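Engineer: Residue numbers (the numbering used here), protein chains in the order written: chain A, 1 to 233; chain B, 1001 to 1233. Got a structure for you, written out below as structure tokens; questions coming shortly.
Number of protein chains: 2
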Amino acid sequence: MTQTARKNVAEKIASTLRTAIVKGRLQPGDALPSERELAEKYDVNRSSVREAMKRLEAWGLVKIRQGGATRVADLLLDAGLGLVPALIEAGGEMGMGIMRDLHEVRGLLLGWGAEQAAKKADAASMARLEELAKQLADPKAKAAQLQQLDYDFFQELMLISGNQLLTLLSRVVRDVYFQGAERFLPLYRSDVFDPKHHRRAVMAIRARDAQAASDAMRAHAASALALLEEKAR
Amino acid sequence: MTQTARKNVAEKIASTLRTAIVKGRLQPGDALPSERELAEKYDVNRSSVREAMKRLEAWGLVKIRQGGATRVADLLLDAGLGLVPALIEAGGEMGMGIMRDLHEVRGLLLGWGAEQAAKKADAASMARLEELAKQLADPKAKAAQLQQLDYDFFQELMLISGNQLLTLLSRVVRDVYFQGAERFLPLYRSDVFDPKHHRRAVMAIRARDAQAASDAMRAHAASALALLEEKAR
DNA sequence: GTCAGCTAACTGGTCGGACCAGTTATGACC
DNA sequence: GGTCATAACTGGTCCGACCAGTTAGCTGAC
């Protein structure tokens, strides 16, 4: 339990139970203790426990039924993205796996977004992308700044694609991403980060070359992933 | 206000406010009435209002700060996927747009999933895919069954890909999808639904032809999208 | 008049205790 | 042994109080 200082009571309880579920101490189908019992156990009011329960339900980790007990949901069937922070937190192989997956998804979306941008970026968007690429090439930039810029670039592509669902989705990716942000920071150290992919992508988008743009961004994600796996060894 | 009969009190309030926000009656930055005021207005207890607020916060629609007012978040910056049901519900152009986007994302994921499956499907997964393809080709199947099978096929591909994040994501896609399920139902009527893409994909996966598999599933999504847009006219 | 600083009137967060509304297991009755 | 009412659970909602931050307005020094 590190760094849970500033959390709500409900938040603490929710993340405690989430961890218990993810780590398998609570199995799918198991009934959770009743709200009243949990309230007593954690020495908080039942309202707070209820709030925690609602959160777990929103994450798809439990199923609540009035009258019946609250039970752990079948993770494979019902868990949503709310599970991810717990997976990352769990660390080890599990955490590594999910971070690998995250980069894979990012690569997929980046490639598609670049392709779309090549087809329909307007002058204003084009200018924003170029500005971002320029800042990414700044040798004096700090790793954290580069990380942020890289995300901004990603988001700009999603916006250009005009797909609202993906724009919303990129928000989720961001939350997951910056959750374990410091783990990704080494990827942006000045001696390893190379802005060439972004530069190539911007040029391709300007030239309306969808294939090249897509390839460039995929390459970016792939190289990040390769670095990450190298680090893991 | 139709069909809100079986909802929780909190759920009703949350979706009412969500609609207000999505439709722009409440602008980003605007302060919501205080919890006490809302409780009085809707003639419910403050606890219920609080629950609704927590839900809106989880959706990224509002920002809650102890001491300060609860304010509408900047949708472009903070809203997550929880916004989607409201967009669909809003109907009209907006709803149509989001459904179009949904199919686009589905196509992207289907294509990628099929590609991955061609690379790493094992015998058991292969068998499941074939079984699903067979059932999809059943001329006696009802539209709703076909729709479910189509989703199952999608999910199986996500599972095969081994990407946990995408598996979780497909859960979200499912929720969005079956939310407005009846709107998609016409796509599965026996006189329009054609299982050939699934058949082609399965054959390609068996032959380990990633490109062909990907193309087949992309074609499936594209044709569904085309049908959808034709219907909209 | 201007501005710092205090205070009062907000906001959301937590509490406890009550009662309503469903579910489930018990046990008397047939 | 099977059935069915009911008691003892579960979560859902309510009330009213107080704690803990924020904000705005007032006061007073300059």
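In this text, a Cβ means the ideal position worked out from N, Cα and C, and glycines have one as well. Since we're looking at a predicted model, the values are computed, not measured.
Identify, in the order they occur along the chain, each residue of the same chain with its Cβ nearer than 8 Å to the Cβ of residue 1223 of chain B, setting aside the five sequence neighbours on each side.
Structural biologist: By 1-based counting over the second sequence, the position of residue 1223 of chain B is 223. Result list for residue 1223 of chain B: 1194 and 1197, in chain order.
Engineer: Which same chain residues end up closer than 7 Å to residue 1114 of chain B when comparing Cβ atoms and leaving out the 5 residues on each side of it in sequence?
Structural biologist: By 1-based counting over the second sequence, the position of residue 1114 of chain B is 114. Counting only Cβ-Cβ distances below 7 Å, and skipping sequence neighbours, we find 1157, 1201, 1205, 1213, 1214, 1216 and 1217.
Engineer: By alpha-carbon positions, which one of A:87, A:72 and A:152 ends up nearest to residue 128 of chain A?
Structural biologist: In the first sequence, counting from the first residue as 1, residue 128 of chain A sits at position 128. With distances taken between Cα atoms, residue 128 of chain A lies closest to A:152.
Engineer: Within 10 Å of its beta-carbon, does residue 67 of chain A have 16 or more other beta-carbons around it, so buried, or fewer, so exposed?
Structural biologist: Residue numbering aside, residue 67 of chain A sits at position 67 when the first sequence is read from its first letter. Under the 10 Å beta carbon count, residue 67 of chain A is surrounded by fewer than 16 other beta carbons and is classified as exposed.
Engineer: Leaving out five residues on either side along the sequence, give the residues of the same chain with a beta carbon under 7 Å from the beta carbon of residue 1227 of chain B.
Structural biologist: Counting from 1 along the second sequence, the entry for residue 1227 of chain B is found at position 227. So the qualifying residues of the chain are 1187 and 1192.
Engineer: Taking C-alpha atoms, which residue in B:1051, B:1029 and B:1071 lies nearest to residue 1039 of chain B?
Structural biologist: Numbered from its first residue, the second sequence carries residue 1039 of chain B at position 39. Looking at the Cα atoms, B:1051 is the closest of the given residues.
Engineer: Among residues of its own chain, excluding the 5 on either side of residue 1030 of chain B, which ones have a beta-carbon nearer than 6 Å to its beta-carbon?
Structural biologist: On the second sequence, residue 1030 of chain B is found 30 positions in, with the first residue counted as 1. The answer, listed in chain order, is 1072.
Engineer: With H, G and I counted as helix, E and B as strand and the rest as coil, what does DSSP make of residue 3 of chain A?
Structural biologist: Here residue 3 of chain A corresponds to residue number 3 of the first sequence, with the count starting at 1. Unreliable positioning characterises residue 3 of chain A in this predicted model, as indicated by a pLDDT of 32, which lies under 50. The coordinate reading is nonetheless provided below. In this structure, residue 3 of chain A counts as coil in the three-state DSSP scheme.
Engineer: Output yes if chain B places a C-beta closer than 8 Å to the C-beta of residue 95 of chain A; else output no.
Structural biologist: In the first sequence, residue 95 of chain A corresponds to position 95, counting from 1. Output row for residue 95 of chain A: interface = no.
Engineer: With a threshold of 6 Å on Cβ separation, who are the neighbours of residue 74 of chain A within its own chain once the five nearest residues in sequence on each side are excluded?
Structural biologist: Against the first sequence, residue 74 of chain A aligns to sequence position 74. Cβ neighbours of residue 74 of chain A beyond the five flanking positions: 28.
Engineer: Can you list the alpha helix (DSSP H) stretches of 4 or more residues lying completely in the region 1021-1100 of chain B, in chain order?
Structural biologist: 1035-1041, 1046-1058, 1075-1078 and 1084-1090
Engineer: By the criterion of Cβ-Cβ separation under 9 Å, what are the contact partners of residue 1081 of chain B in chain A?
Structural biologist: By 1-based counting over the second sequence, the position of residue 1081 of chain B is 81. Near residue 1081 of chain B (Cβ distances below 9 Å), the residues of chain A are 80, 81, 165, 168, 169, 171 and 172.
Engineer: Need the endpoints of the alpha helix (DSSP H) that residue 134 of chain A sits in, please.
Structural biologist: If you number the first sequence from 1, residue 134 of chain A lands on position 134. Segment 123-136, the alpha helix (DSSP H) holding residue 134 of chain A.
Engineer: Can you tell me which of the three DSSP states residue 1139 of chain B falls into?
Structural biologist: As a working note, residue 1139 of chain B is residue 139 in the second sequence. Residue 1139 of chain B falls in the coil class under three-state DSSP.
Engineer: Could you list which residues in chain B have their beta carbon closer than 9 Å to that of residue 98 of chain A, in chain order?
Structural biologist: The residue labelled residue 98 of chain A in the question sits at position 98 within the first sequence. Neighbours of residue 98 of chain A on chain B, chain order: 1164 and 1165.
Engineer: Of all the CB atoms in chain A, is at least one closer than 8 Å to the CB of residue 1089 of chain B?
Structural biologist: Working through the second sequence from its first residue, we reach residue 1089 of chain B at position 89. Cβ-Cβ to chain A under 8 Å: no for residue 1089 of chain B.
Engineer: Name, please, each residue of chain B whose Cβ falls closer than 8 Å to the Cβ of residue 68 of chain A.
Structural biologist: Counting from one through the first sequence, the residue named residue 68 of chain A turns up at place 68. Result: empty, since nearest Cβ-Cβ is about 16 Å, beyond 8 Å.
Engineer: By the 10 Å Cβ neighbour count, where 16 or more other Cβ atoms means buried, how is residue 1003 of chain B classified, buried or exposed?
Structural biologist: Your numbering for residue 1003 of chain B matches position 3 in the second sequence. Because residue 1003 of chain B carries a pLDDT of 32, less than 50, the predicted location of this residue cannot be relied on, and the following value inherits that uncertainty. So residue 1003 of chain B counts as exposed.
Engineer: What first and last residue would you give for the alpha helix (DSSP H) that runs through residue 1184 of chain B?
Structural biologist: In the second sequence, residue 1184 of chain B corresponds to position 184, counting from 1. From DSSP, the alpha helix (DSSP H) with residue 1184 of chain B extends over 1181-1184.
Engineer: Judging by CA-CA distance, which residue of B:1219, B:1109 and B:1099 is the nearest neighbour of residue 1182 of chain B?
Structural biologist: One-based indexing of the second sequence puts residue 1182 of chain B at position 182. For residue 1182 of chain B, the nearest C-alpha among the options comes from B:1099.
Engineer: Is the shortest distance between the beta-carbon of residue 1209 of chain B and the beta-carbons of chain A less than 8 Å?
Structural biologist: Looking up residue 1209 of chain B in the second sequence gives position 209. Not an interface residue.
Engineer: If you measure from the beta carbon of residue 185 of chain A to each beta carbon in chain B, is any gap under 8 Å?
Structural biologist: By one-based count along the first sequence, residue 185 of chain A stands at place 185. So no, residue 185 of chain A is outside the interface.
Engineer: So which residues of chain B does residue 47 of chain A contact, with C-beta pairs closer than 7 Å?
Structural biologist: Stepping through the first sequence from its first residue, residue 47 of chain A is reached at position 47. Result: 1047.
Engineer: Please state whether DSSP places residue 193 of chain A in a helix, a strand or coil.
Structural biologist: Against the first sequence, residue 193 of chain A aligns to sequence position 193. The answer is coil: DSSP assigns residue 193 of chain A none of H, G, I, E or B.
Engineer: Between residue 1147 of chain B and residue 1069 of chain B, what straight-line distance do the alpha-carbon atoms span, to the nearest angstrom?
Structural biologist: Within the second sequence, residue 1147 of chain B is the residue found at index 147, counting from 1. Within the second sequence, residue 1069 of chain B is the residue found at index 69, counting from 1. Computed Cα separation, rounded: 44 Å.
Engineer: To the nearest angstrom, how far is it from the Cα of residue 5 of chain A to the Cα of residue 1035 of chain B?
Structural biologist: Walking along the first sequence from the start, residue 5 of chain A turns up at place 5. Walking along the second sequence from the start, residue 1035 of chain B turns up at place 35. In this prediction, residue 5 of chain A has a pLDDT of 36, which is less than 50 and means its spatial position is unreliable; what the coordinates show is noted afterwards. About 26 Å.
Engineer: Quick check on residue 85 of chain A: buried or exposed, where buried means 16 or more other Cβ atoms within 10 Å of its Cβ?
Structural biologist: Here residue 85 of chain A is taken as the residue at index 85 of the first sequence, counted from 1. It is buried - the Cβ of residue 85 of chain A has at least 16 other Cβ atoms within 10 Å.
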